[in-house]
Every structure is written in C-alpha cells, then in structure tokens.
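Under my numbering, think of the first position of the sequence shown as 170, with each following residue one higher. We treat Cβ as the ideally placed atom computed from N, Cα and C, and that holds for glycine.
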Amino acid sequence: MQHLASFVGGCWLEGRGAGTQLHNPATEEPLALASSEGLDLAAALDYARNTGGPALRSLCFAERGTILKGMAGALQGARDELLELGMRNCGNTRSDAKFDVDGAIATLLAYAELGAQLGAGRFLVDGEGIQLGRSPRFHGQHVCVPRHGVAVHINAFNFPAWGLAEKAAAALLAGMPVLSKPATATAMLAQRAMQVMVEKKVLPDGALSLLVGAPRDLPALLCAQDVLAFTGSGDTGERLRALPNVIRHSVRVNVEADSLNAAVLGPDAGASGDLYELFLKEVVRDVTQKAGQKCTAIRRLLVPAEHAATARDDLAGLLGNLKVGNPSDEDVRMGPLTNAAQLADVREGVEHLGAEGRLVAGGSKPPLPKGYFLSPTLFEFAPGAKADAVHAREVFGPVVSLLPYTENPAPIVAKGGGGLVCSLYSEDAAWLEETVAGIAPFHGRIYIGHPKVELSPGPGTVLPQLVHGGPGRAGGGEELGGKRALAFYLQRVALQGSRPLVQGLAKAGTPG
Ligand code: NAP
Numbered sequence: 170m171q172h173l174a175s176f177v178g179g180c181w182l183e184g185r186g187a188g189t190q191l192h193n194p195a196t197e198e199p200l201a202l203a204s205s206e207g208l209d210l211a212a213a214l215d216y217a218r219n220t221g222g223p224a225l226r227s228l229c230f231a232e233r234g235t236i237l238k239g240m241a242g243a244l245q246g247a248r249d250e251l252l253e254l255g256m257r258n259c260g261n262t263r264s265d266a267k268f269d270v271d272g273a274i275a276t277l278l279a280y281a282e283l284g285a286q287l288g289a290g291r292f293l294v295d296g297e298g299i300q301l302g303r304s305p306r307f308h309g310q311h312v313c314v315p316r317h318g319v320a321v322h323i324n325a326f327n328f329p330a331w332g333l334a335e336k337a338a339a340a341l342l343a344g345m346p347v348l349s350k351p352a353t354a355t356a357m358l359a360q361r362a363m364q365v366m367v368e369k370k371v372l373p374d375g376a377l378s379l380l381v382g383a384p385r386d387l388p389a390l391l392c393a394q395d396v397l398a399f400t401g402s403g404d405t406g407e408r409l410r411a412l413p414n415v416i417r418h419s420v421r422v423n424v425e426a427d428s429l430n431a432a433v434l435g436p437d438a439g440a441s442g443d444l445y446e447l448f449l450k451e452v453v454r455d456v457t458q459k460a461g462q463k464c465t466a467i468r469r470l471l472v473p474a475e476h477a478a479t480a481r482d483d484l485a486g487l488l489g490n491l492k493v494g495n496p497s498d499e500d501v502r503m504g505p506l507t508n509a510a511q512l513a514d515v516r517e518g519v520e521h522l523g524a525e526g527r528l529v530a531g532g533s534k535p536p537l538p539k540g541y542f543l544s545p546t547l548f549e550f551a552p553g554a555k556a557d558a559v560h561a562r563e564v565f566g567p568v569v570s571l572l573p574y575t576e577n578p579a580p581i582v583a584k585g586g587g588g589l590v591c592s593l594y595s596e597d598a599a600w601l602e603e604t605v606a607g608i609a610p611f612h613g614r615i616y617i618g619h620p621k622v623e624l625s626p627g628p629g630t631v632l633p634q635l636v637h638g639g640p641g642r643a644g645g646g647e648e649l650g651g652k653r654a655l656a657f658y659l660q661r662v663a664l665q666g667s668r669p670l671v672q673g674l675a676k677a678g679t680p681g
C-alpha cells in the first residue's frame, strides 16, 4: 500500500510505522498510509524559516505572483489526476472535486494577478504619509513588511486542494514561507498536488513544505515571528489558541472554525417565482455539494411561516430525488461522508436535531452495500420553537433544518453565535436594509440571492476577492479578500523621522 511521504527540509521523507490508513469512503477500500512519526519537525520549520524566507523576501510581489502562476499551472497540468483522487480519496462527485481543485487553481491565479498589480515592491506601504509636528519635516508613514518566521497552515479534510492553495497563495505573495499540514483523512490529494508542484520546480527551496500525518507537537514549536492559520473544528482551534508558546510569544493565530450558516427567504419572495426557485436551487446545491461537508453550507433555513409548508414539501421532493452513491457512477449527485468517524458524528447530530424537530426527509443510510453514506436530510421545526440544537450544533453533513418565522428573522439568525455566510433572498430594499443591519455584525459575508445575477456560484463558494471568515463560533478569523489577506503575514510598522528619509524608505516598498 502507498505510504504518503512528507515534503520537509527540501526532500520527501516517509514517517515511521503504519500511521493512519486512508480509505475510499464510497467502498471502504484502504488506499494509503500516512505517518509523520520520526520526522524532525523543528528542523522542518527551521529550513522553511532560513531557506524559504530569505528567498521569498528577496523577490518582489510580481515575482512572487509568477511563482503562484507556476503553482496554478502545475495543478492545471495534473487536473484530471487530481479530480480522480478527489473522487477516490474524498468521496467527491466529479463536480465536487472540480469545486476543490479548480477553486485551488483559480485562487492561485487571482493572487498571481494581485502580485502582478503590486509590481516591483517587496513590502506594502500602508496609507498616506502623515505630518507629525508643526514642521512638515517631521513625518510618519506606516509600512507592512513580511515576518521572518514560517506560516504553518493546518487544514480541514473537506478541501484538500483549495485549503492548501488559498492559504499558501496569500502567505507566499506576502513573502512568508509555508509549512502546510493537510487533514490526514484526505491527504492523498493534497500530497499529490504538492508532488506535481515540486516536480515542476515552480517554488524556491523552502518556500512550501507539506507535513502528512499527525501534527504531533508542530504548533508548540512556533515562535514570535511565526504565524498559525488553522481551519477545522472549534474545539481544536480553542486548544491551539491556548498553547503556552502561542500565548507567551504572541504567535499570530487565525482560526476558521464551524458555522451555522442561514438562508433567509424574504417575505416578498413568496412560494413561487424566480426568486423562490433560486432559493430552492441554491439550498439543494449547498446541502448536497460535498455531501454537506462545507464550512459555508446552509444549515438553517428561515422561511416566512405562511410559506413554510410549501418550501418544506418542495425541498423534501428535490432532496429525496437526488441520487446518492459511489461517485464513480456518473448519475450520482451526492457521494459519501469522508470517513466512518464523520458519519458517526453526523448521525449523532441527526439524533440531536430529531429530539426537537420533525424529520421530513432522509436521516438514514441509503440502501448501499458499503460506504459512509447518509441521505440528504431535512428537519422542520414549529414556528417559534426554541430549536436549541439547531442554533448550537453544526452537523457537518447533508443536513438542514427549516425554521418558520413570523417577525424579524435577524435575532433568530444571530442565535448561531457568529457565522461565515448568511444568504438573503429578497428584492425588498427596506427589508434587506433592516435585515442586513441586524445580521451583519454576526457574519463575515452576506450573500444576496438574485435570479438576474448570471452564473452566481451561490453562497457556499468562497471567492478570492472577498473575505472568508466570521466572528464568534466561526473562529473570529479572516482569510482572502484580495490584498487584505496579506495583512496576516505582514508586520505593520510605523516609520517616523525626517520626511525625505522616511519617504525614501517607504519608496522601496512601491518603486516606480
Ligand atoms: P479537526 O478535527 O479540528 O481537524 C482539522 C485539522 O486540525 C486537521 O488537519 C487535523 O489533523 C488537525 N488537528 C487535529 N487536532 C490537532 C491538534 N491538537 N493540533 C494541531 N492540529 C490538529 O476538524 P475536522 O473535523 O477535520 O474539520 C471539520 C471542521 O472544520 C468543521 O467544523 C468545519 O466547519 C470546519 N471547517 C471550517 C472551514 C472554514 O473555513 N471556516 C473550512 C472547512 C472546514 P488530522 O487530520 O491529522 O487529525
């Protein structure tokens, strides 16, 4: 069986022992083994800091952008192979696998383009210069320079290609080397993506490392100039933030955690027509894409009470008709959950929701001989029901709960405690204004669905131009958002002194 090697210290190294077995979640067939046992993690971090860091900092933004373009090209060249791995290792349908792999390529290209726009500078000049005293000679200017540490990226299992690429794009463009740790369950795809980038020699030595297998004490080895960007469960995020070295050295930590994303059907949308149809289409796609294993997937549906029964019946019909099975079968529209542990966790979540709500569709395994499957599942709740579990527990699978509302839905949405995205389906400007004002502080992104926005990818797609993250239970982090993403990897420093000297120093950031 294939042993997945890590790329650390500039070479491919296998961990000791058997490690963890990876499976095809549709067939339960063992695929590979991943272990990080015996790898010298401190040396891996030092290699990135001391080799990759100086190499990246010597390049300007445009040159770093060219690296990202090369990474995108390497992935594009192996696209079919990567899609096939997504189907085999992650239980993705081909369309789900494209979402991950093409998303990785598109995000790298978006940041490559940003690099070209930022041009010949090596750091960012932040805002205008400021006269600090009565004399114009006393001058101040903020600049943002790359940190001299390593960016450790710990990713979740659901986007092995995109997770690796989107975090790396921002860090590399900012001028920081990266050590990326994919989630073990789906590390085959991330590891192959790394292999093709190494084979194509698109990266400077030490700029990007990959650790496959258990994280061991990796986060505990981080120092003051390092940063840690984590995507995964809120529990792990909490543990990482509380590490003594993280607290002692003020290691910068960005957490992208779970989220109880809501979709709200506006009172004006009715229960027929283009807007209502868009709502149904986007809810079904969101609940079933990647078998609901998306941090941005819709978990809560808020529907005006007078339309709740129609929406319930329409959704139950659409979800019930969707073919679930092995993604190698072309008719299949939804694959399995990633592994046995995820299926067990989702089943437990379904039981919790079932204790308060009424099961309308799904809730059980479809009649398939093997694999970690769950049918698309819909719960409904009575108007005004407390529905504590719905607002407290993220069921990370194809499961959604319908909550009828009679008054302002914003306080119900806010019960989720902070989310990545909330989608609104309405054309009523006054209602939108009131609802956005009510929910905006609780979210990283608000999606306003409109049937005339052609080719909209829906609320579940994270775009490189817009921030991704959210307050509260969503982790409080922020990724992407174009140039904003670079801030996490840069130190903002105020220069103050004689105006010509300060202006001269700042000019090095943006020559020409
Ligand atoms: P998880 O158990 O927290 O694992 C996430 C990552 O953390 C994996 O790479 C895992 O490695 C690693 N990890 C686990 N324990 C660790 C520790 N003590 N120290 C360092 N690393 C550790 O989360 P998950 O269950 O795989 O992911 C699902 C969750 O991720 C969901 O709640 C989902 O909402 C969230 N998510 C959020 C976003 C977002 O952008 N906000 C995106 C995707 C997913 P191993 O795999 O080797 O254990």
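Practice task
May I ask you to check if the CB of residue 416 is nearer than 7 Å to at least one heavy atom of the ligand NAP?
Solution key: No, the Cβ of residue 416 stays beyond 7 Å of every heavy atom of the ligand NAP.
Practice task
Please state if the CB of residue 335 and the CB of residue 644 are separated by a distance shorter than 8 Å.
Solution key: No, these two residues do not count as a Cβ contact at 8 Å.
Problem - Sequence-distant residues of the same chain with beta carbon closer than 6 Å to residue 307, five excluded per side - result: The residues are 301.
Practice task
Can you say whether residue 170 is buried or exposed, counting buried as having 16 or more other CB atoms within 10 angstroms of its CB?
Solution key: With fewer than 16 Cβ atoms within 10 Å of its Cβ, residue 170 is classed as exposed.
Exercise for the section: Using 7 Å as the cut-off, classify the Cβ of residue 713 as near or not near the heavy atoms of the ligand NAP, replying yes or no. Expected result: No answer is possible for residue 713: it lies beyond the span of the chain, which begins at 170 and ends at 681.
Practice task
Specify the secondary structure class of residue 392 as computed by DSSP and reduced to three states.
Solution key: Coil.
Problem - CB contact flag (residue 213, residue 177, <8 Å) - result: Closer than 8 Å, so yes.
Problem - Length at least 4, wholly inside the segment 454-534: the alpha helix (DSSP H) runs in chain order - result: The alpha helix (DSSP H) runs of length 4 or more contained entirely in the segment 454-534 are, from start to end of the chain, 477-489 and 509-525.
Problem - Through-space distance from residue 505 to residue 402, alpha-carbon basis - result: CA-CA distance, residue 402 to residue 505, rounds to 20 Å.
Handout entry: Minimum C-alpha distance to residue 587 - residue among 436, 225, 410 and 562
Key = With distances taken between Cα atoms, residue 587 lies closest to 562.
Handout entry: Cβ-based burial, residue 458 [other Cβ within 10 Å; buried from 16]
Key = Looking at its Cβ environment, which holds 16 or more other Cβ atoms inside 10 Å, residue 458 is buried.
Problem - Uninterrupted alpha helix (DSSP H) stretches inside the segment 544-574 (no shorter than 4 residues) - result: As far as the segment 544-574 is concerned, its whole alpha helix (DSSP H) runs of at least 4 residues are 557-561.
Handout entry: Host beta strand (DSSP E) of residue 421 (start-end)
Key = Taken as a continuous stretch (DSSP letters only), the beta strand (DSSP E) holding residue 421 covers 421-425.
Handout entry: heavy atom of the ligand NAP below 7 Å from residue 336 C-beta
Key = Residue 336 Cβ: outside cutoff for every heavy atom of the ligand NAP.
Exercise for the section: For chain C, find out if any of its Cβ atoms is closer than 8 Å to the Cβ of residue 556; answer yes or no. Expected result: Absent from the structure: chain C. Only one protein chain is present.
Practice task
For residue 395, verify whether its CB is less than 7 Å away from any heavy atom of the ligand NAP.
Solution key: Not under cutoff, so the answer is no.
Problem - residue 307 Cβ short of 7 Å to the ligand NAP heavy atom set - result: No, the ligand NAP has no heavy atom inside 7 Å of this Cβ.
Practice task
Return yes when the Cβ of residue 433 is within less than 8 Å of the Cβ of residue 664, no when it is not.
Solution key: Against a cut-off of 8 Å, the Cβ pair of residue 433 and residue 664 comes out as no contact.
Handout entry: From 356, 384 and 511, residue whose alpha carbon lies closest to that of residue 565
Key = Selected option, being the one with the closest Cα: 511.
Exercise for the section: For the alpha helix (DSSP H) holding residue 258, just list the boundary residues, first then last. Expected result: Membership of residue 258 in the alpha helix (DSSP H) is indicated by the continuous run 248-259.
Exercise for the section: Say yes only if the C-beta of residue 459 is nearer than 7 Å to one or more non-hydrogen atoms of the ligand NAP, and no if none qualify. Expected result: No.
Exercise for the section: Over the uninterrupted alpha helix (DSSP H) stretch that includes residue 268, give me the two end residues. Expected result: Annotation: the continuous alpha helix (DSSP H) that includes residue 268 extends over 263-287.
Practice task
Would you check whether the ligand NAP has a heavy atom nearer than 7 Å to the C-beta of residue 565?
Solution key: With a cutoff of 7 Å, residue 565 counts as near the ligand NAP, since its C-beta is closer than that to a heavy atom of the ligand.
Exercise for the section: State the Cα-Cα distance for the pair residue 374 and residue 622, rounded to the nearest angstrom. Expected result: Roughly 44 Å between the two C-alpha positions.
Practice task
Put residue 430 into one of helix, strand or coil per three-state DSSP.
Solution key: Residue state, collapsed to three classes: strand.
Handout entry: Segments of 3+ residues assigned as beta strand (DSSP E) that fall wholly inside the segment 605-648
Key = Listed in chain order, the complete beta strand (DSSP E) runs (minimum 3 residues) inside the segment 605-648 are 612-618.
Practice task
Would you give the residue range spanned by the beta strand (DSSP E) that residue 337 belongs to?
Solution key: Counted as a single uninterrupted DSSP element, the stretch harbouring residue 337 is not any beta strand (DSSP E) but the alpha helix (DSSP H) occupying residues 329-343.
Handout entry: For residue 330 and residue 722, the rounded distance between their alpha carbons
Key = Residue 722 cannot be examined here, being either before or after the span of the chain that is shown, 170 to 681.
Handout entry: residue 630: CB within 7 Å of a non-hydrogen atom of the ligand NAP
Key = Because no heavy atom of the ligand NAP lies under 7 Å away, the Cβ of residue 630 does not count as near it: no.
Exercise for the section: Would you please state the rounded distance, in angstroms, between the beta carbons of residue 225 and residue 339? I believe it to be under 8 Å. Expected result: 13 Å between Cβ atoms; not a contact.
Exercise for the section: Use the C-beta contact count for residue 173: other C-beta atoms within 10 angstroms, 16 or more gives buried, fewer gives exposed. Expected result: Buried, because 16 or more other Cβ atoms sit within 10 Å of the Cβ of residue 173.
Problem - heavy atom of the ligand NAP below 7 Å from residue 350 C-beta - result: Under cutoff, so the answer is yes.
Practice task
Please indicate yes or no: does the CB of residue 591 lie closer than 7 Å to some heavy atom of the ligand NAP?
Solution key: Placement of the Cβ of residue 591 at a distance of 7 Å or more from every heavy atom of the ligand NAP is found.
Exercise for the section: Flag this pair as yes or no: are the beta carbons of residue 220 and residue 495 separated by less than 8 Å? Expected result: Their beta carbons are not under 8 Å apart, which means residue 220 does not touch residue 495 by this criterion.
Handout entry: residue 283 and residue 652 closer than 8 Å at C-beta
Key = Yes, these two residues count as a Cβ contact at 8 Å.
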